[in-house]
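These notes are about the structure you will find just below.
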Amino acid sequence: MSYEFPVDHRGLFEERTGQFLSFGLPVSDLEELRASINSTWADAPGGWSYEWSALAAKYSAAGNHSLAAMIYGIAKFPVLANESRRRALRNQVDEYVKAATGFGLEFERRILSLPYRNGEIELPVHILSADGRYEDAPVLLLSGGVDGWKMDMHPLASAFAKNAGVTVVAFDQPGTGESPVPLDAFGDEVIDGLVSTARALGNGQVAHLGVSFGGNFAVRSGLTGAVDAVINIGAPVKGAFETANAERLVYGMGDIVGNALGFDAPATKEALVQGLRAFDRSVLMTADDGRTPMLVVNGADDVHIPLSDTTLFEERPNTQVHVIPDAGHCAVTKLPELTPMMIDWLRDALSGTAPRTGR
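Position 326, counted from 1, in the sequence shown is what the numbering used here calls 1175; the numbers after and before it change by one each time, with no gaps.
Written out as structure tokens, the structure reads:
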């Protein structure tokens, strides 16, 4: 279930330029496609997915599978609402797997069977390890949000696998990417299954890093004590699910979330909010004892998530909160410089020496 929706391709460029450049996209390519794209959804010359896919194919033919994978990731943005987007995702998987020999890491694509609504689903995950000895290291579960998925998170996944002493298991949260189920309350079962799988895969320690909506699931993992450490980058937690915030969403974000929720047509703001209320994780804070160390990061100028969803963690024990000035949603343009700090924090958290408070 997915649908196309009105969104100006120029707005997508405006919002995402910094993110796309952070993938390693040359500025010249960005500007060339900015000039040539005239439609968000058309599968024809001038169409978003068509033009980005053509560029990705050029890099693939030249043997640059890593950049091709990242560009196919842009081609499938923002949702899998038509065949051109779904084809771009399949191509992204193919290019990413081809690129894996150049990651400088041990890589495995594995299909997991996970619990969901009294049954099981199959979810593809990507495992990245410095040495392939999964049993000797903690496992870091890592996901993006509703429009940036596991392969789009490769710079983060690679950095943590190489430098944090962890095995990374990257996955698509419910309602996105290769996940076969929508974003609904039952998705928590999928995450619980991933945590159990991660404990069995590694040395028993499990951390959870989530970007954007993925951070919402990471927050739940931390507040319920399901994992040993959490990094939340720009998660919607409470205020993001109120009607006032839904009414101010821009760049098609309301419909991106609607696609993740499983709607097949644009929803009213009331229906959108109703679908999201199950993800208000603030209700878990009353029973939380602060046992799980948590690092919370977001940009001060986030247009999607109210600042209160970040600062509400400031009084939580065993938690660091960083509001990054001159940065937007998930502080994405500052992530390269923030990543070493996050890696150091995770190492300390898993060794039991993370500072208890700070901002």
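A virtual CB, placed ideally from N, CA and C, is assigned to each residue, including glycine.
As computed with DSSP, ILE1082 is found in a beta bridge with VAL1060, VAL1146. Rounded to the nearest angstrom, the Cβ distance from SER871 to LEU1184 is 7 Å, consistent with a contact under 8 Å. For a cut-off of 8 Å, the C-beta gap from ILE886 to GLU864 is around 14 Å, too long to register as a contact. Residue pairing for LEU961: DSSP places it in a beta bridge opposite LEU972. If you check the CB distance, ILE960 and THR1016 do not come in under 8 Å.
LEU1161 and VAL995 have their C-alpha atoms spaced approximately 22 Å apart. Shown here, ILE1173 sits in a strand according to DSSP, grouped into three states. Contact between ILE1192 and ALA1008 holds, with the beta-carbon distance rounding to 7 Å and staying under 8 Å.
In this structure, DSSP gives SER1028 a state outside helix and strand, which the three-state scheme calls coil. Going by C-alpha positions, GLU1038 is about 29 Å away from ALA937. The C-beta separation of PRO987 from ALA1056 comes to about 6 Å, placing the pair in contact by the 8 Å criterion. Counted as a single uninterrupted DSSP element, the alpha helix (DSSP H) harbouring THR1092 occupies residues 1092–1096. Under the three-state reduction of DSSP output, GLY1036 falls in the helix class.
From the listed residues LEU916, GLU932, ALA917, MET919, the smallest Cα separation to GLY896 is found for GLU932. Judged by their CB atoms, GLY1101 and PHE862 are not nearer to each other than the 8 Å cut-off. 8 Å or more divides the Cβ of GLY867 from the Cβ of VAL1152. Every unbroken stretch of the alpha helix (DSSP H) spanning 4 or more residues and falling wholly within the region 880–919 is given here in chain order: 897–910. With a threshold of 16 other beta carbon atoms within 10 Å, GLU944 meets it and is buried. By the Cβ criterion, the region 1088–1097 is not in contact with the region 1017–1027, since fewer than three pairs of Cβ atoms, one from each stretch, lie closer than 8 Å. Using a Cβ distance threshold of 8 Å, MET1000 and LEU991 do not count as a contacting pair.
In the DSSP assignment, ALA1019 falls within the beta strand (DSSP E) that extends over 1016–1019. Within 10 angstroms of the beta-carbon of MET1143 lie 16 or more other beta-carbons, which makes it buried. Going by C-alpha positions, GLY912 is about 26 Å away from PHE1020.
When DSSP states are grouped into helix, strand and coil, LEU977 belongs to the strand group.
Fewer than three beta-carbon pairs drawn from the region 1042–1049 and the region 1119–1133 are found closer than 8 Å, and the two stretches are therefore not classed as touching.
In the DSSP assignment, VAL946 falls within the alpha helix (DSSP H) that extends over 932–948. A distance below 8 Å between beta-carbons, with the five flanking residues on each side excluded, links TYR921 to the following residues of its chain, in chain order: TRP901, SER902, ALA905, ALA937, LEU938, ASN940, GLN941, GLU944. For LEU990, the enclosing beta strand (DSSP E) starts and ends at 988–992. Counting other Cβ atoms within 10 Å of its Cβ, PRO1166 stays below 16 and is therefore classed as exposed. Taking all protein chains in view, the Cβ of MET919 is crowded by 16 or more other Cβ atoms within 10 Å, so the residue is classified as buried. Within the model, the alpha-carbon separation for HIS1171 versus ASN1012 is close to 21 Å.
The Cβ atoms of SER1061 and GLY993 sit closer than 8 Å to each other. Around the beta carbon of ALA1136, a 10 Å sphere encloses fewer than 16 other beta carbons of the protein chains shown; the residue is thus reported as exposed.
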